[in-house]
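Asker: Pasting a structure here, questions to come.
Chains as they are written, first to last, in this note's numbering: chain A, 27 to 327; chain B, 37 to 375; chain C, 5 to 281.
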């Protein structure tokens, strides 16, 4: 990791020197390893604060949104999942490819800094934080899919077992059981919108939940409003979620949000595919549900 | 002194629960918080020995969604049928000093400065708070730096964990005395000693920060500090003292109710005006407002910081924002730079 | 501080709309009184009330009440609630709670010359103070009113503006519109520039400014240029409000809540606050 970190810094320094970039998105080191956090370096001098380690789990592409209205040329470090986030933004016309210089890191899998900080916080209950993060244990794409320069050895997928096993378990429930399951999960929701804010596919300038004229989704912390929030969000993710798992990771109450996103990925592939979101970028390319074909299935309408 | 033996805690809770709803720190699945002591919950692990729980007792006095009154519209007619002040008796058991301080800040907000909020007051007047003194601050704790005495939670009764001897039971208020009389059968007289408080692992110096911030509204530091923040509301909702709310309505046809619900200054919609303007248009202004409220504005208004040093925001922040770093940065920076 | 001693400050009284007057194409005045007659509470000039329909509540400065059996609110159509308000008819019941806010410095201004500066719907709150001065004419010196709007059609309270107020003793009324119009023979230009052009003498005056934030900003600069001292410059601020009683958080500027500590501030106070208005 130290080698990767040094390499990133030296590439970024060169990019600043040659004027290829004005800003650089990566991570800033903290008082301990898991205190690493996203960082936007504005100058070569800022690079001193940068770091990359086994806790650099945040989706770096999310920070492109902070710069989408500018003209800066941007250097960015991406892991496999982050690179799919970049594809998401390119497809959604949120940022132009020519503004980006992408340094890909073949990702060995990350640990979750949120579990780590919880583990030493003294707050209970705690979960094991020494393993790879859940989102990494479900990862099929550890290697960047879009980059200008690549660091590290190609990694095998970290996913163990059957990809849609958890989805299948839900699918096998009766409708009533399934409703009960999600009702219970969504009842925990505190509507903090961390899942939305951490989501790279949530790149709308004004989110439907912030829209007040008319107000589409109620703000009550109730089963119906919570469910409305999650279902509307889910449908906006269909064929767009790049499965980085950040929503589930950042949820302060532990709602298994990736279950829903995985199901949608599966269905987008099955009904409108073969399709897998954000695996490559071709100019003008659109997500599966942004394209209409006459033979699109419509039995469910 | 009065002692509550540890093996009597469940019985004591049982007794109190006959008269009031009792909230205790508990773990339920992956989460923890102050949950009602009910038949369903009794088997869950009680977390009196843990440093603290994720969800503070804030919601007991200030629920995330609180129905205020029922509305009915008929033609041009409009009526308010019923208001929903909730004055049922409640006991919150095992509150740490940071969270007790947060309750005091809610009291100051909702009950002073011109208006008494009747919905909050109805709940507050009927709540007894049993504190749980802290002697071993955790890795993210810094309550002492924010002016909180960890061993003296501002509560009606204070419990002090004296190990095998049980909890020392100290009544601090008339409300506490009343409760003490009601549970006298579970308290023994015995002399023992409360432990010595260990020192804090996180050192922060908040002295002078509120005053210094007065001249730092336009400081370039805000932009830098706000950079990792993704502007979700996790910190505000998990915070024991954040109290901003929205007033909303739920109508089905001609009838419904007006309710209030937690809101977060991190959301763009929070300060968006009807005409389309927004005085805090970007994440930086919202981030700045939140931390200034915690560290400066509240103390100008009420005389103490709104941050109680519980450390929860740092623990849940998806992007690793640490309020202690912010305090340190403010303390160290040249406040005139960039102005 | 407010004199609301109601036990449930967040629960509205029910009032009835007894008259609706169209002031401009997008401003209507609503006259309200308690359903059973009388008023649920008294509002001083510059204080506000929360008006509501089921769809939502909104904070509005009271346009006139003093000595009347009704309260008048002149409301511009800008958002969800005001859209609906503009649809209602006489006889409609509304929710009303208040009074909120500090109000204008009526007592402190006694014996002074008054300079009122307003833009657009900003005349609505100011009108309560202007009418108070006319009602208690001997308590105040010379009255100067400078008012502007985007167009002639957008000028509120035209009858008073052109017929009643100019005929009051020792009173000057200056009206301007932003852009020239064929039938308009009066002044054309923005309010702050007009203030500088008219150059009122600061001696013995209190200025009270109300209007859109951008106009306020420039008008305050103009007043300072003309030599007005900070204490002589009074204005009102606006932020989004929900509770009206200083609890819900959103209308803060620094440590001050506009709904409770404001909406009226003088420049001495404003200079203590962060530049977020």
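Here a beta-carbon is modelled for each residue, glycine too, at the ideal position from N, C-alpha and C.
Quick caveat: nothing in here was measured; it's all calculated off a predicted structure.
(1) On the three-state DSSP scale, how would you describe residue 332 of chain B?
(2) Identify whether residue 364 of chain B lies in helix, strand or coil by the three-state DSSP scheme.
(3) Tell me the DSSP bridge mates of residue 214 of chain C?
(4) Hey, would you say residue 93 of chain B sits closer than 8 angstroms to residue 71 of chain B, going by beta carbons?
(5) Quick check on this structure: which residue in A/48, A/99, A/64 has the alpha carbon closest to the alpha carbon of residue 55 of chain A?
(6) Answer with yes or no whether the minimum CB distance from residue 116 of chain B to chain C is below 8 angstroms.
(7) Is the shortest distance between the beta-carbon of residue 42 of chain B and the beta-carbons of chain A less than 8 angstroms?
(8) With H, G and I counted as helix, E and B as strand and the rest as coil, what does DSSP make of residue 109 of chain A?
(9) Do residue 220 of chain C and residue 239 of chain C come within 8 angstroms of each other at the CB atom, strictly closer than that value?
(10) Identify whether residue 50 of chain C lies in helix, strand or coil by the three-state DSSP scheme.
(11) Is it buried or exposed for residue 91 of chain A, if we count other Cβ within 10 angstroms and need 16 for buried?
(12) How about residue 300 of chain A: is its C-beta nearer than 8 angstroms to some C-beta of chain B?
(13) Report the residue from B/138, B/168, B/269, B/170 whose alpha carbon sits nearest the alpha carbon of residue 322 of chain B.
(14) Which class does residue 176 of chain C belong to by DSSP, given the choice of helix, strand or coil?
(15) I believe residue 148 of chain A touches residue 133 of chain B by the beta-carbon criterion, under 8 angstroms. Please report the beta-carbon distance rounded to the nearest angstrom.
(16) Could you please tell me which residues of the segment 68-101 of chain C, in chain order, have their CB closer than 9 angstroms to any CB of chain A?
(17) Taking DSSP as the reference, what is the three-state secondary structure of residue 129 of chain C?
(18) List the residues of chain C whose Cβ lies closer than 8 angstroms to the Cβ of residue 239 of chain A, in chain order.
(19) Please report the residue range of the beta strand (DSSP E) in which residue 176 of chain A lies.
(20) Give the single residue among B/130, B/99, B/179 whose Cα lies nearest to the Cα of residue 238 of chain B.
(21) Take residue 174 of chain A and list the residues in its own chain whose beta-carbon comes closer than 6 angstroms to its own, dropping the five residues that flank it on each side.
(22) Determine the direct distance from the alpha carbon of residue 223 of chain A to that of residue 328 of chain B, and round the result to whole angstroms.
(23) Residues of chain B with CB under 7 angstroms from residue 154 of chain C, in chain order?
(24) Three-state secondary structure (DSSP) at residue 281 of chain C?
(25) Under 7 angstroms Cβ-Cβ, which residues of chain B neighbour residue 278 of chain C?
(26) Look at residue 65 of chain C and residue 111 of chain C and say whether their C-beta atoms are less than 8 angstroms apart.
(27) Candidates A/219, A/264, A/121: which alpha carbon is nearest residue 93 of chain A's?
(28) In the segment 230-308 of chain B, which residue ranges form an unbroken beta strand (DSSP E) of at least 3 residues, counting only runs that do not cross its ends?
(29) Along the chain, where does the beta strand (DSSP E) containing residue 273 of chain C start, and where does it finish?
(30) Does the contact criterion of 3 or more C-beta pairs under 8 angstroms hold for the segment 281-298 of chain B versus the segment 347-361 of chain B?
(31) Apart from the five residues just before and just after residue 7 of chain C, which ones in its own chain have a Cβ nearer than 6 angstroms to its Cβ?
(32) Using CA atoms only, rank isn't needed, just tell me which of B/373, B/244, B/152, B/303 is closest to residue 256 of chain B.
(33) Please report the residue range of the beta strand (DSSP E) in which residue 107 of chain B lies.
(34) By the 7 angstroms beta-carbon criterion, what residues does the segment 266-284 of chain B contribute toward chain A?
(35) Which term fits residue 171 of chain C, buried or exposed, when burial requires 16 or more other beta carbons within 10 angstroms of its beta carbon?
(36) With a threshold of 6 angstroms on Cβ separation, who are the neighbours of residue 207 of chain A within its own chain once the five nearest residues in sequence on each side are excluded?
Answerer: In terms of the structure at hand:
(1) In the three-state reduction of the DSSP assignment, residue 332 of chain B falls in the helix class, which pools H, G and I.
(2) Look at residue 364 of chain B here: in three-state DSSP terms it is helix.
(3) Bridge partners of residue 214 of chain C: C/122.
(4) No, the Cβ-Cβ distance between residue 93 of chain B and residue 71 of chain B is not below 8 angstroms.
(5) Per the Cα distances, A/64.
(6) Closer than 8 angstroms: yes.
(7) Not a single C-beta of chain A is nearer than 8 angstroms to the C-beta of residue 42 of chain B.
(8) In this structure, residue 109 of chain A counts as helix in the three-state DSSP scheme.
(9) With respect to the 8 angstroms criterion, residue 239 of chain C and residue 220 of chain C are classified as neighbours on the basis of their beta carbons.
(10) The answer is coil: DSSP assigns residue 50 of chain C none of H, G, I, E or B.
(11) With 16 or more other Cβ atoms within 10 Å, it is buried.
(12) The Cβ of residue 300 of chain A sits no closer than 8 angstroms to any Cβ of chain B.
(13) When only C-alpha atoms are compared, the closest one is B/269.
(14) Residue 176 of chain C falls in the strand class under three-state DSSP.
(15) The pair is not a contact, with the Cβ atoms about 14 angstroms apart (cut-off 8 angstroms).
(16) Taking 9 angstroms as the Cβ-Cβ cut-off against chain A, the residues of the segment 68-101 of chain C that qualify are 83, 84, 87.
(17) Residue 129 of chain C: helix per DSSP, three-state reduction.
(18) Result: 83, 84.
(19) Residue range 175-177 is occupied by the beta strand (DSSP E) that includes residue 176 of chain A.
(20) Closest option to residue 238 of chain B, Cα to Cα, is B/179.
(21) If the five residues before and after residue 174 of chain A are omitted, its C-beta is found closer than 6 angstroms to the C-beta atoms of 127, 128, all from its own chain and listed in chain order.
(22) In this model, residue 328 of chain B and residue 223 of chain A are separated by some 22 angstroms (Cα to Cα).
(23) By Cβ distance, chain B contributes nothing, its closest Cβ being about 14 angstroms from residue 154 of chain C, past 7 angstroms.
(24) Residue state, collapsed to three classes: coil.
(25) Within chain B, the residues near residue 278 of chain C are 253.
(26) No, the pair does not count as a contact, with Cβ atoms beyond the cut-off.
(27) The residue with the shortest Cα to Cα distance from residue 93 of chain A is A/121.
(28) As far as the segment 230-308 of chain B is concerned, its whole beta strand (DSSP E) runs of at least 3 residues are 281-288, 291-298.
(29) Boundaries around residue 273 of chain C are those of the alpha helix (DSSP H), 271-274, since no beta strand (DSSP E) includes it.
(30) Flag = no, the segment 281-298 of chain B and the segment 347-361 of chain B do not touch.
(31) Unreliable positioning characterises residue 7 of chain C in this predicted model, as indicated by a pLDDT of 46, which lies under 50. The coordinate reading is nonetheless provided below. Within the same chain, residue 7 of chain C has no close Cβ partners at all.
(32) Taking only the C-alpha atoms, the option nearest residue 256 of chain B is B/373.
(33) For residue 107 of chain B, the enclosing beta strand (DSSP E) has its first and last residue at 101-110.
(34) For the segment 266-284 of chain B, which is checked against every Cβ of chain A, the residues closer than 7 angstroms are 266, 267, 268, 269, 270, 273, 274, 282, 284.
(35) Residue 171 of chain C is exposed by the Cβ-count criterion.
(36) Exclusion of the five residues before and after residue 207 of chain A leaves no residue of its chain whose Cβ lies closer than 6 angstroms to its Cβ.
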